[in-house]
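Asks: Every letter in the sequence shown is one number past the one before it in my numbering, and letter 7, counting from 1, is 10.
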Amino acid sequence: MLSRKTRRATPTAREILTLLDGALEFGAKGDIDQLAQAVTTADRLLRGDAGQLCMADNHQLTSAMTSRIDQLDAIVSTYEQSIEKSAVLQTESSEHAMQEIIRAKDAIWELRHDRIRTAKLVDALAGQGASESARKGYFSIQQAFSGLDRLEVRGRDSAGIHVLVSNHGLKATDKQVKALLENRGEDALFMSGAVRMTETAWSFVYKAAAEIGELGDNTRVMRNAVMADALLRLCVSQPDAQVAVLAHTRWASVGIISEPNAHPVNSEELEGKHDDAYLVAALNGDVDNHADLRVQYGLRVAGPITTDAKVIPALVSRKLATTKNLTDAFRETVAQFEGSVAIAVASATEPDKLLLALHGSGQGLCVGLAEDRFIVASEP
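1) Return yes when the Cβ of L64 is within less than 8 Å of the Cβ of P14, no when it is not.
2) Throw me the rounded Cβ distance for the S342 and D291 pair, which I believe falls under 8 Å.
3) What three-state label does DSSP hand M225 in the structure shown?
4) Determine, using beta-carbon pairs with one atom in the stretch 196 to 205 and one in the stretch 151 to 162, whether at least three such pairs fall under 8 Å.
5) With a CB to CB cut of under 8 Å and the five nearest residues on each side skipped, what residues in its chain are close to L318?
6) In chain order, which continuous runs of the alpha helix (DSSP H) of length 4 or greater are located wholly inside the stretch 167 to 205?
7) Give the single residue among G33, W112, R71 and K139 whose Cα lies nearest to the Cα of A100.
8) Please report the Cβ distance between I259 and Y209, rounded to the nearest whole angstrom; I am assuming they are in contact, meaning their Cβ atoms lie under 8 Å.
9) For H266, count neighbouring C-beta atoms within 10 Å of its own C-beta (all shown protein chains included) and say buried if the count is 16 or more, exposed if not.
10) In chain order, what residues of the same chain lie with their CB nearer than 7 Å to the CB of A129, ignoring the 5 residues before and after it?
11) In three-state DSSP terms, what is A59?
12) Ignore the nearest five residues each way along the sequence and tell me which others in L114's own chain have a CB closer than 8 Å to its CB.
13) R321 by DSSP, collapsed to three states: which one?
14) To the nearest angstrom, report how far apart L323 and A280 are at their CA atoms.
15) Tell me which same chain residues have a C-beta within less than 7 Å of the C-beta of P389, skipping the five on either side of it?
16) Among residues of its own chain, excluding the 5 on either side of W254, which ones have a beta-carbon nearer than 6 Å to its beta-carbon?
17) Which of the three DSSP states, helix, strand or coil, is assigned to V268?
18) Who pairs with I164 in a beta bridge, going by DSSP?
19) CA-CA distance, C57 and G25?
20) For the candidate residues R226, E18, A349 and A31, whose alpha-carbon lies nearest to that of V283?
21) For T330, which option in T309, T310, K313 and D355 has the closest C-alpha, if you only look at C-alpha atoms?
22) Take A39 and list the residues in its own chain whose beta-carbon comes closer than 6 Å to its own, dropping the five residues that flank it on each side.
23) Excluding the 5 residues preceding and the 5 following A351 in the sequence, name in chain order all residues of the same chain whose CB lies nearer than 6 Å to its CB.
24) What separation, rounded to the nearest whole angstrom, lies between the Cα atoms of M194 and H251?
25) Considering only C-alpha positions, which residue in the set S66, G30 and A122 is nearest to S80?
26) Report buried or exposed for I215, applying the criterion of at least 16 other Cβ atoms within 10 angstroms of its Cβ.
27) Could you say which of G54, V268 and K174 lies nearest to R118 if we only look at CA atoms?
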């Protein structure tokens, strides 16, 4: 999840409710075309950061929207039933009407389950009175959680979410930061709650690992950890803060089920140098030759970290010691991997980029182009 600045003005509550009221009037007249157009326009306005800012902490608006959506749902269902009963033979007009009904139902569903539901979940993460930058950051985090919820059916014994915050302007020596940091920067295994600070970006990770559990358990644990993190809240609340999110869920294929092995993993090695490039990575698939690469390059990895994914950021970081171009270092590193893989890497040096690689036929990479985000997934 890679965010970028929105260019669209925030819609007003009046605009949204006027559109929904207009849709109700069109419904009363039996004008399904105009009803669908009005509801679709409202849904489009409420997408992205602009839509989230419109609904932020605005329970009066979301309640008013829900009331109107309930009425529109009933109107469209009644209209659909009448078309189905009267259209013994398919005609061009009845077919067009059904297309508009589907368009209206899609927009109504999106308003209820995507726009309003997401706004409430972002409210819970961000807290009351959150700044605009904080809401945008937590919106990215919520979108990642939503993706994990859907991907868990493909693997759920361990999961992780990494948040890279840049342009926040804070310093590790700030009094407020020091009070919140405590020993979170000293976790060599990069387990849940660990923090890393570089000159360009700060790295926050949240993980969960449990061999036995139910769908939703891991995201619930990580969501609670995010909500409780006052340092993250301080960081994303800064006016110019930008957030990049990398999340992962899996069935463990290499390495035991544990937080140290849960992805994303970082590039740190034992006795690493202060100026080593800092990266994090997530992997779908298996790097079949990871053990050989560890030996070949003499990687110094903490004993409990046995996942094959660890070689990805560690080797890219090593390569950056001699190859200053991040893209070249990434390309040369992944070219050495054997096996079927989909890889995503984020770099603290260039936090506005997400590096992707795909090899073999067992995985995929889907890139979604939203108005203020790039959303990447290794499963459709």
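C-beta: ideal position from N, C-alpha, C; glycine also.
Quick caveat: nothing in here was measured; it's all calculated off a predicted structure.
Replies: In brief:
1) no
2) The identity of residue 342 in the sequence shown is Gly, whereas the question assumes Ser. Right, their Cβ atoms sit about 4 Å apart.
3) It is helical.
4) They do not touch, by the three-pair rule.
5) Closer than 8 Å at Cβ, skipping near neighbours: L296, Y300, L302, T336 and Q339.
6) 178 to 184
7) G33
8) 20 Å between Cβ atoms; not a contact.
9) buried
10) Cβ within range, chain order: A137, R138 and Y141.
11) Of the three classes helix, strand and coil, the one that applies to A59 here is coil, per DSSP.
12) Apart from sequence neighbours up to five positions away, the residues of its chain that approach L114 with a beta-carbon distance below 8 Å are V42, A45, D46, L49, M68 and I72, ordered along the chain.
13) helix
14) 7 Å
15) Lying before the first or after the last residue shown, residue 389 is absent from the chain, which here runs from 4 to 383.
16) G158 and D160
17) strand
18) Y209 and A250
19) 19 Å
20) Taking each of R226, E18, A349 and A31 in turn and checking the Cα distance to V283, the smallest one comes out for A349.
21) Looking at the Cα atoms, D355 is the closest of the given residues.
22) E103, R106 and A107
23) Contacts found: T201, T203, A204 and Y281.
24) 14 Å
25) G30
26) exposed
27) G54
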